[in-house]
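Listed in order, the protein sequences are those of chains U and H. Its first residue numbered 1, the first sequence is counted upward by one per residue in our numbering. Its first residue numbered 1001, the second sequence is counted upward by one per residue in our numbering. Quick reminder that beta carbons are idealized off the backbone N, C-alpha and C, glycines included.
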Amino acid sequence: MAELNTGDGGGGKGGKVRSKKQNSKVDLTAMVDLAFLLITFFMLTTTLSKPQSMSLGLPDKDDDPTKNKDIKVDEKRTLTILMGGNNQLKFYMGLLGSPIAGPKDIVYGKNGIREELLKRKKSVLEYTGNKDKGLIVIIKPSKKSSYKNLIDILDEMAIVDVPTYAIVDIDPSEVKLLEGTTAEAKSANP
Amino acid sequence: MAKLKMSKKSTSIDMTAMCDVAFLLLTFFILTATAKVPEVLPVDTPASTVQTKLPETDLATLTIGKGKVFFDLKGREVRKKTLELMGEKYGVKFTDEEKEKFALMESFGVPVNGLKSIIAMKNSDRNLPGLQPGIPKDSLDNQLKEWIYNARIANIDIQDKELQVAIKGDAKEEYPAIKKVMDILQDQKINSFSLVTGLRGKNF
């Protein structure tokens, strides 16, 4: 590859002094290598540094409370997720007064809420027998929950592909439910 | 006798053209790459598996962290126009030079009255922690709402497109702070917006 010095030693045969044939070519291989390395670096940094985002749609809100109609849905299709402080998470199926399942503590992540969501999604579809009437998840973040918790749950919605979900303000009775368990947990682990 | 001579072929290829192309591309990527500027309000965005990229233009970013809200807007012309509208609204006169400087600035978090002094500062001084108190967003003095509102007007005026809003919240921020900003957006009938997140591995 390298072709910098190709002139032979010169002497050897007789005493004839031969002018060296200088090669004008420079080896560009190393330079090209470097250039492509830098290209790769800049290409990757420009495209990868763009922040990711998830889009979130919220329902229309009207200041006039009379115009905010409650939408009636089958309570057997709804799963409510309650988010408390310190990564506390609870869920129940159906209405709080007469829940089908729960309210139960659950953890974030693969083996916790996602497993439950997948199971519920399947069972709701079996119950309704209609593809358009899938699971409805109601997300209720309490005042103590962090933004990370919200994103985690929204991410689970995207992973599990829940057809309908909404973020709703938490009810006082549900706050009590969340706080009740934290108080118990505190007394259990002093 | 007739000796067959193998013609000696050189193994080296002429790299000049390749080198030219490589450097041309390199120059292009260097020039288009934007240097990462230190953020005024550093936030640790939570991670998600969603892989949608944020748009490059027509975007307003609301950075929320430590209870403060900072505002950032893309596009120089849009920024200038927004500043003009805000100046009119709050009775602060901005000179052309100040507008020019504001167009090149990063996100900021001061009330409109304090904006002049922030514009006058050097880039490095602006980013000192604790200097900018965040944009007022309480019901008495809701400047954040005005900023968003005027930015939307400016964007429609100049780009002829509806402004997109992105919320960039700190992972540890409590939900009410985020909720407050979402409410401000919803009051203006912005019901769909983006949440900026980091990237999380596939096997989460």
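Look up residue i in the DSSP assignment and say whether it is helix, strand or coil.
| i | result |
| --- | --- |
| E1174 (chain H) | strand |
| K1068 (chain H) | strand |
| K1053 (chain H) | strand |
| I1206 (chain H) | Beyond the ends of chain H as shown, which are 1001 and 1204, falls residue 1206 (chain H); an answer cannot be given. |
| G1198 (chain H) | strand |
| I251 (chain U) | No statement about residue 251 (chain U) is possible, as the shown extent of chain U runs from 1 to 190 and does not include it. |
| G1075 (chain H) | coil |
| F1094 (chain H) | coil |
| G7 (chain U) | Residue placement at G7 (chain U) cannot be trusted, given a pLDDT of 47 that sits under 50; the coordinates are not used to answer. |
| L28 (chain U) | coil |
| V1043 (chain H) | coil |
| K133 (chain U) | coil |
| Q1186 (chain H) | helix |
| K1243 (chain H) | Summary: the structure shown does not reach residue 1243 (chain H), with chain H confined to residues 1001 through 1204, and so no result is reported for it. |
| K1179 (chain H) | helix |
| D1125 (chain H) | helix |
| I1013 (chain H) | coil |
| D33 (chain U) | helix |
| N23 (chain U) | coil |
| G1114 (chain H) | helix |
| L1131 (chain H) | coil |
| D152 (chain U) | helix |
Excluding the five sequence neighbours on either side, which residues of its own chain have a C-beta within less than 7 Å of the C-beta of residue i, listed in chain order?
| i | result |
| --- | --- |
| V1112 (chain H) | M1086, Y1090, V1092, Q1143 |
| R1200 (chain H) | A1047, S1048, T1049 |
| D1044 (chain H) | D1170, A1171 |
| L178 (chain U) | L82, G84, Q88, K90, S142 |
| R114 (chain U) | E156, I159, V160 |
| T80 (chain U) | F91, Y92, I138, K140 |
| P1042 (chain H) | none |
| V175 (chain U) | S142 |
In the DSSP output, what is residue i paired with across the bridge?
| i | result |
| --- | --- |
| D105 (chain U) | U:K90 |
| Q1164 (chain H) | H:L1059 |
| S1007 (chain H) | S1007 (chain H) is not bridged to any residue. |
| S1048 (chain H) | H:L1199 |
| S1192 (chain H) | U:G57 |
| G1169 (chain H) | H:I1064 |
| F1108 (chain H) | H:F1071 |
| P99 (chain U) | U:G94 |
| S146 (chain U) | H:E1174 |
Over the uninterrupted alpha helix (DSSP H) stretch that includes residue i, give me the two end residues.
| i | result |
| --- | --- |
| I1153 (chain H) | 1143-1158 |
| A1022 (chain H) | 1016-1032 |
| I170 (chain U) | Careful: I170 (chain U) lies outside any alpha helix (DSSP H) and carries neither H nor E. |
| K121 (chain U) | 115-128 |
For the beta strand (DSSP E) that contains residue i, what are its first and last residues?
| i | result |
| --- | --- |
| M54 (chain U) | 52-57 |
| L79 (chain U) | 78-83 |
| T164 (chain U) | 164-167 |
Keeping to the same chain, check which residues put their C-beta closer than 8 Å to that of residue i; ignore five residues upstream and five downstream.
| i | result |
| --- | --- |
| K1180 (chain H) | K1137 |
| P99 (chain U) | Y92, M93 |
| M43 (chain U) | none |
| G112 (chain U) | L89, I106 |
| M54 (chain U) | I151, L154, D155, A158 |
Using a Cβ-Cβ cut-off of 6 Å (strictly less than) and excluding sequence neighbours within five positions of residue i, which residues of its own chain qualify?
| i | result |
| --- | --- |
| K121 (chain U) | L135 |
| K1080 (chain H) | K1099, A1103 |
| V1078 (chain H) | A1154, N1155, I1158 |
| K1189 (chain H) | none |
| G11 (chain U) | Any answer about G11 (chain U) is weak, because its pLDDT of 44 lies below 50 and its placement is not dependable; what the coordinates show is given next. None. |
| K1074 (chain H) | T1057, L1059 |
| N149 (chain U) | M83 |
For the ligand COA, I want to know if residue i counts as a neighbour, meaning its beta carbon is within less than 6 Å of at least one of the ligand's heavy atoms.
| i | result |
| --- | --- |
| D161 (chain U) | Ligands in the displayed structure: none, and consequently the ligand COA is not present. |
**Q.** chain H contacts made by the segment 124-154 of chain U, where a contact means CB separation under 9 Å
**A.** Contact residues of the segment 124-154 of chain U toward chain H are P141, S142, K143, K144, S145, S146, Y147, K148, N149, L150, I151, D152, L154 (C-beta to C-beta distance below 9 Å).
Q. Using a Cβ cut-off of 9 Å, which residues of the segment 156-184 of chain U contact any Cβ in chain H, in chain order?
A. Of all residues in the segment 156-184 of chain U, A158, I159, I167, D169 have a Cβ within less than 9 Å of some Cβ in chain H.
Q. Just by C-beta distance, which residues in the segment 1078-1098 of chain H are closer than 9 Å to chain U?
A. Closer than 9 Å at the C-beta level to chain U, one finds no residue of the segment 1078-1098 of chain H.
Q. According to a CB-to-CB cut-off of less than 7 Å, which residues of the segment 1148-1170 of chain H neighbour chain U?
A. Residues A1166, G1169, D1170.
Q | Contact residues within the segment 21-40 of chain U, judged by C-beta distance below 8 Å to chain H | A | Those residues of the segment 21-40 of chain U that come within reach of chain H (Cβ to Cβ, closer than 8 Å) are K25, D27, L28, T29, M31, V32, A35, F36, L38, I39.
Q) Of all the residues that make up the segment 94-119 of chain U, which are near chain H by a beta-carbon distance shorter than 9 Å? A) Result list: G109, K110.
Q: Return the residues of the segment 1013-1033 of chain H that lie within a Cβ-Cβ distance of less than 7 Å from chain U, sorted by chain order.
A: The residues in question are M1015, T1016, M1018, C1019, A1022, F1023, L1025, L1026, F1029, I1030, T1032, A1033.
(Q) Please identify, using Cβ separations under 9 Å, the residues of the segment 1172-1188 of chain H that lie next to chain U, in order along the chain. (A) The residues in question are K1172, E1173, E1174, Y1175, P1176, A1177, I1178, K1179, M1182, D1183, L1185, Q1186, D1187.
(Q) Can you pull out the residues from the segment 1051-1067 of chain H whose beta carbon lies closer than 7 Å to at least one beta carbon of chain U? (A) If the cut-off is 7 Å between Cβ atoms, the segment 1051-1067 of chain H has Q1051, T1052, K1053, L1054 near chain U.
Q. Taking Cβ-Cβ distances below 7 Å as the criterion, which residues of the segment 1188-1200 of chain H are in contact with chain U?
A. The segment 1188-1200 of chain H vs chain U, Cβ under 7 Å: N1191, S1192, F1193, S1194, L1195, V1196, T1197, G1198, L1199.
Q. Between the segment 1039-1050 of chain H and chain U, which residues of the former have a C-beta closer than 7 Å to a C-beta of the latter?
A. Answer in chain order: P1046, S1048, T1049, V1050.
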